[in-house]
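Engineer:
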Amino acid sequence: MAKLPAADAALFIRLHVALLVYANRQLGVVPGVDSEEAFKAISMEDKPKIRDAVYADPQLIDAFIAENPAGLHPDELALVGAWKQAIVGKFYIFRYLKRYTVFLNDKEPPTAYGVLGITNEIEDVFMREPPIFVGTVLLPWRERIIYDGLAHSYNVYFGAGIRRSLNEAYQRVKATTGIIETLGGPTVEQPVPRRAKKPGPSVEDLLAILDRIEQQTAGLKTPETPTQRRVFSMLQAAVDLARYALHEPVDADEVVRAGRRLNSALKRLYSAVDLG
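Quick note, the sequence shown lines up with residues 2 to 277 if you use our numbering.
(1) DSSP state of R164, grouped into three classes?
(2) Return the residue from the list R269, L270, Q27 and E46 that minimises the CA-CA distance to G150.
(3) Suppose the cutoff is 7 Å on Cβ atoms and the five residues either side in sequence are ignored; what does the same chain contact list for P224 look like?
(4) Spatial neighbours of E144 within its chain, please: CB distance less than 6 Å, with the 5 preceding and 5 following residues excluded, ordered by chain position.
(5) Relative to the C-alpha of A19, which candidate in G72, S154, K4 and Y56 has its C-alpha closest?
(6) In its own chain, which residues sit with a C-beta less than 8 Å from the C-beta of L208, not counting the 5 before and 5 after it?
(7) Does the distance from the C-beta atom of A266 to that of A239 stay below 9 Å?
(8) Is F233 helix, strand or coil by DSSP?
(9) State the Cα-Cα distance for the pair K48 and F40, rounded to the nearest angstrom.
(10) For N121, which of helix, strand or coil comes out of DSSP?
(11) In three-state DSSP terms, what is S272?
(12) Using three-state DSSP, classify L20 as helix, strand or coil.
Here's what the structure looks like:
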């Protein structure tokens with residue numbers, strides 16, 4: 002499952018809240034938050050303010066460990082100490098996989114992280130299809146990566162062009178650096194080897210043809226009849242499928258999804274013809 006085991010989730014929450022409460026006592030970011038109960042009672046708008054203050058000054062983590070106000074065991078303090086490797090930023094939640102959720106940062110070139118949920122899988126937290134643009138903090142947890150549970154999602158519309166660019170960036174990352182699965186060591190998912198190009202038509206030429214088709218169809222008026230609209234949808238779905246199939250390395254998941262969209266478009270066309 003793409004989330005922490007229940008015992009680890011409870012431990013993380015206890016340690017993280019203890020750190021944030023300590024930081025707020027030192028900094029006074031949100032007045033009156035000096036206990037676990039007080040922290041849990043404040044709004045989701047205020048909690049990230051304390052979190053942001055912690056990772057803006059990692060020496061607070063050192064001070065927390067030195068003072069150990071929560072009376073933590075040495076192995077628990079070590080888990081907190083690893084959070085000095087936190088990655089604060091904005092990310093695209095790009096793909097839900099069985100082992101983790103893929104986060105792409107917004108840098109160039111991008112980096113991909115395999116991230117676990119805490120008490121719930123990330124897919125169940127956001128309850129919508131990716132990509133989703135969020136601001137959050139990624140933290141090391143033992144040999145895995147989690148997010149801190151305080152993610153802010155931005156209301157961003159992703160058109161076909163942006164989705165295509167993100168997918169291409171994801172494929173490049175998988176084929177080069179791979180997906181980072183831990184912030185405490187070199188473990189990464191091995192890059193997908195690039196398949197050798199076979200002799201034949203140039204991929205660039207074929208992609209250029211698809212671009213021209215998209216440009217020509219973009220200039221057309223909205224079809225008037227149901228059959229014409231179904232044909233138009235089928236053409237768009239076919240172009241998407243062809244583009245994903247031509248991309249190296251091939252993303253099998255995207256090809257399957259595009260094929261299903263084309264199949265649905267064909268069924269709608271058959272229905273329109275029968276009804277006509």
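Idealized CB from N, CA, C, for every residue including glycine.
Structural biologist: On the basis of the coordinates in this document:
(1) helix
(2) E46
(3) R230 and F233
(4) T183
(5) G72
(6) R244 and L247
(7) yes
(8) helix
(9) 7 Å
(10) coil
(11) helix
(12) helix
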